[in-house]
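Participant:
In the UniProt record's numbering, the protein residues as written are 1 to 305.
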């Protein structure tokens, strides 16, 4: 396959680094790479992306480019909330460029929503699911996005809390629950302003927390994780409770094997955010997709060629 037949897209999030090689003549994912890099680690306290986090990202870029056989300078690379917040973002991006020749573009929340939505539209088509009316929840490390789609009409809102930032902001889970109760009011308020009858919408969720819950429900550990199996899995409120209970009762090492390094610390807060969204939306179940921003970046690039 020639380089011209596929595009490499990279999404550097607040916690995860995700890469995909996307074949646009056949509209399919050739291969992908994912690593938890914890870029937002310490961001709440310092307002900066730490040298350690930068080093992890640089190493991840090098590993991925070997494994997926692409040159970093050819990749379409975007980065989101953590980089938007960081006061040292320009020097960080310069460092990445100098060390790996990668060119990251910081994208705003509305562009992130547009590209995530594009990925989900394609995913729904691929899975043969109805795509006229749906809600997308994207739980990130530094922010949480809600997108409401109704026959081409889109409402999108970014809320400034994510799994990493909430976990690092508070020392107790009770404090996190209090904050989420406050946040729920503004989420419900926003949803009411859209004047949509959300009971008629399919609830779709993407990103690390939902895919982890789906994988655990399917009995997959971090090594056996399979995107194709996870895609389209339905999780409900009881599944969230089950996973939370399991996490409280298993030792850290076992949990790391189950969900992978760099996720265990944030899973409880992730599930609390997920529960809050279920409640705010008045929904009982959600369809989980692994597809998200990186696929949207690839598809968008292909559509523009």
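Here a beta-carbon is modelled for each residue, glycine too, at the ideal position from N, C-alpha and C.
Apart from the five residues on each side of it in sequence, which residues of its chain come closer than 8 Å, Cβ to Cβ, to residue 220?
Facilitator: Counting from 1 along the chain shown, the entry for residue 220 is found at position 220. If we look at residue 220 and ignore the five residues flanking it on each side, its Cβ neighbours are 226, 229 and 230.
Participant: Below 8 Å, can you find three or more Cβ-Cβ pairs linking the segment 233–240 to the segment 294–301?
Facilitator: no
Participant: Is the beta carbon of residue 134 closer than 7 Å to that of residue 234?
Facilitator: One-based indexing of the chain shown puts residue 234 at position 234. One-based indexing of the chain shown puts residue 134 at position 134. Their beta carbons are not under 7 Å apart, which means residue 234 does not touch residue 134 by this criterion.
Participant: I need the straight-line Cα distance from residue 7 to residue 131, nearest angstrom please.
Facilitator: Taking the first residue of the chain shown as 1, we reach residue 7 at position 7. Taking the first residue of the chain shown as 1, we reach residue 131 at position 131. Looking at the two C-alpha atoms, the distance is approximately 25 Å.
Participant: For a test of the three-state rule: what should DSSP assign to residue 304, helix, strand or coil?
Facilitator: The sequence position of residue 304 within the chain shown is 304, counting from 1. In this structure, residue 304 counts as helix in the three-state DSSP scheme.
Participant: Inspect the beta-carbon positions of residue 269 and residue 163 and report whether they are closer than 7 Å.
Facilitator: Mapped onto the chain shown, residue 269 falls at position 269. Mapped onto the chain shown, residue 163 falls at position 163. Yes, these two residues count as a Cβ contact at 7 Å.
Participant: DSSP beta-bridge partners for residue 18?
Facilitator: Within the chain shown, the letter at position 18 stands for residue 18. DSSP output for residue 18 lists 11 and 34 as bridge partner(s).
Participant: With 7 Å as the threshold, decide whether the Cβ of residue 239 is near any Cβ in chain B.
Facilitator: The structure shown contains no chain B, having only a single protein chain.
Participant: Between which two residues does the alpha helix (DSSP H) harbouring residue 150 extend?
Facilitator: By 1-based counting over the chain shown, the position of residue 150 is 150. Segment 144–150 is the beta strand (DSSP E) holding residue 150; no alpha helix (DSSP H) there.
Participant: Compare the Cα-Cα distances from residue 12 to each of 129, 236, 31 and 112 and report the closest residue.
Facilitator: For the purposes of this step, residue 12 is taken as residue 12 along the chain shown, with counting starting at 1. Closest option to residue 12, Cα to Cα, is 112.
Participant: State the Cα-Cα distance for the pair residue 139 and residue 209, rounded to the nearest angstrom.
Facilitator: Walking along the chain shown from the start, residue 139 turns up at place 139. Walking along the chain shown from the start, residue 209 turns up at place 209. For residue 139 and residue 209, the distance between alpha carbons rounds to 7 Å.
Participant: Taking residue 213 as the reference, give the member of 102, 87 and 272 with the closest Cα.
Facilitator: Here residue 213 refers to the residue found at position 213 of the chain shown. When only C-alpha atoms are compared, the closest one is 272.
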